[in-house]
Amino acid sequence: MASLTSSDPLTSDLIGTAHSLADAARGAVLPWFRAAGLAADNKDAGGFDPVTQADRAAEQAMRDVLARRRPEDAVIGEEFGATPGTSGFSWVLDPVDGTRAFLSGAPTWGVLIGLADADGPVFGIIDQPYIGERFWGGFGQASMRGPMGEGALRVRGSRPLSDCILFTTFPEVGSPAEGAGFRAVAERVKLVRYGMDCYAYALLAAGQIDLVIEAGLSNYDVQAPIAVIEAAGGIVTDWQGGRAHHGGRILAAAGPEQHAAALEILSQVPA
138 MASLTSSDPL TSDLIGTAHS LADAARGAVL PWFRAAGLAA DNKDAGGFDP
188 VTQADRAAEQ AMRDVLARRR PEDAVIGEEF GATPGTSGFS WVLDPVDGTR
238 AFLSGAPTWG VLIGLADADG PVFGIIDQPY IGERFWGGFG QASMRGPMGE
288 GALRVRGSRP LSDCILFTTF PEVGSPAEGA GFRAVAERVK LVRYGMDCYA
338 YALLAAGQID LVIEAGLSNY DVQAPIAVIE AAGGIVTDWQ GGRAHHGGRI
388 LAAAGPEQHA AALEILSQVP A
């Protein structure tokens, strides 16, 4: 199934469905952004892992679209779990990736829509509803649309680690050992920025940055970004150089040179 091209009727339906999901999520989530009185429940008794009405509304809106357009597909969503399917395709949904940013009013959150077959992600969308930017990739496509119009996505390509821009979301980057591994890479790059959530992966695909390093991610956090970045010519692996679509430790790179240099350091971090 991953060999389908953009001209195949099935592919056209899948891509159209993905964009319909993004449109539905935009309509459901935007009324809650920067809204007075937005409440958050905490899903983590030992820390702070918030979920809001916006998360639930956006995922439900996407599930409603799938029930109409692709009822035979499986669905894996952050808020409402897994629904089995019979088609061999799975939609992997994160309705608000970056809920902490959403609560803070910062527009670095996004809607993640991944489409996977048995071998992993084949198409993905990273959508930022408030800014009005959408990044998508797979089936021979790698494009974005935003306030300045539509254009192709392409990563920056190889460059030395000393010339690289590195992003992550949380400064601690997981466990103490994982944080130490990240800092060992960060000490060798030109610029480090924090707190970008899924928007970091979109910027990598768009040719703006070189590396994203994270740990402790779930499948719904990574499947859409993997599809978009790989379609744009980038590389996404775990910290051992293996496949990363199940989540965990993530290394996304704009070229082989910076990927190899970062991997040499991160692969030494104990499991």
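Numbers in the working numbering are just positions in the sequence shown, counted from 1, shifted up by 137. Every residue gets a Cβ at the ideal spot worked out from N, C-alpha and C, and that includes glycine.
On the premise that residue j lies in contact with residue i, defined as a C-beta separation below 8 Å, what is that separation, rounded to the nearest angstrom?
i, j, result
"SER299", "VAL326", "7 Å"
"ALA381", "VAL359", "6 Å"
"GLY229", "VAL166", "At residue 229 the sequence reads Val, which differs from the Gly that was named. Their Cβ separation, rounded to whole angstroms, is 18 Å, which puts VAL229 and VAL166 out of contact at 8 Å."
"TRP246", "VAL233", "6 Å"
"ARG200", "VAL212", "6 Å"
"ASP231", "TYR357", "4 Å"
"GLY251", "GLY242", "Not confirmed; about 26 Å, so no contact."
So the alpha helix (DSSP H) residue i belongs to, where does it begin and stop?
i, result
"ASP201", "190 to 206"
"SER157", "146 to 166"
"GLU401", "393 to 403"
"ASP358", "356 to 368"
"PRO244", "First-last for PRO244: undefined, no H or E at that position."
"PRO313", "313 to 323"
"LEU341", "336 to 342"
Buried or exposed: residue i, going by 16 or more other Cβ atoms within 10 Å of its Cβ?
i, result
"ASP150", "exposed"
"ILE268", "exposed"
"THR223", "exposed"
"ALA159", "buried"
"LEU147", "exposed"
"ALA255", "exposed"
"LEU328", "exposed"
"ARG386", "buried"
"GLY286", "exposed"
"ALA391", "buried"
"ALA389", "buried"
"ALA162", "buried"
"GLY214", "buried"
"GLY371", "buried"
Whose C-beta lies closer than 6 Å to the C-beta of residue i among residues of the same chain, with five residues either side of it excluded?
i, result
"ARG206", "THR154"
"GLU216", "ASP192, ARG193 and GLU196"
"PRO393", "SER295"
"ALA339", "ILE263 and PHE272"
Start and end of the beta strand (DSSP E) containing residue i?
i, result
"GLN265", "257 to 265"
"ARG330", "328 to 331"
"PHE276", "Note, PHE276: premise wrong, no beta strand (DSSP E); not H, not E."
"ASP234", "227 to 234"
"ARG386", "385 to 390"
"THR220", "218 to 220"
"THR305", "302 to 305"
"THR374", "372 to 374"
"ALA177", "177 to 179"
"VAL406", "VAL406 -> no beta strand (DSSP E), and no H or E assigned at all."
"GLU287", "286 to 289"
"VAL212", "211 to 214"
Here's a check: name, in chain order, each residue in its chain whose Cβ is nearer than 7 Å to the Cβ of residue i, leaving out the five neighbours to either side.
i, result
"ALA369", "GLY274, ALA279, LEU290, ARG291, VAL292 and ALA342"
"THR305", "PHE319, TYR331, VAL349, ILE350 and GLU351"
Ordered along the chain, which non-local residues of its own chain (more than five positions away) have a Cβ less than 8 Å from that of residue i?
i, result
"GLN395", "SER295, ARG296, PRO297, LEU298, CYS301, ASP347 and LEU348"
"SER404", "TRP376, GLN377 and GLY378"
"VAL202", "THR154, SER157, LEU158 and ALA161"
Report yes or no: do the stretch 273 to 291 and the stretch 373 to 384 share at least 3 C-beta pairs separated by less than 8 Å?
Look at the beta carbons and you see the stretch 273 to 291 not touching the stretch 373 to 384: under three pairs across the two are nearer than 8 Å.
How do the stretch 229 to 238 and the stretch 333 to 344 stand: do at least 3 beta-carbon pairs fall below 8 Å, yes or no?
yes
Quick test of the definition: if touching needs 3 or more C-beta pairs under 8 Å, does the stretch 269 to 280 touch the stretch 306 to 320?
Between the stretch 269 to 280 and the stretch 306 to 320 there are fewer than three inter-stretch CB-CB distances shorter than 8 Å, so the stretches are not counted as touching.
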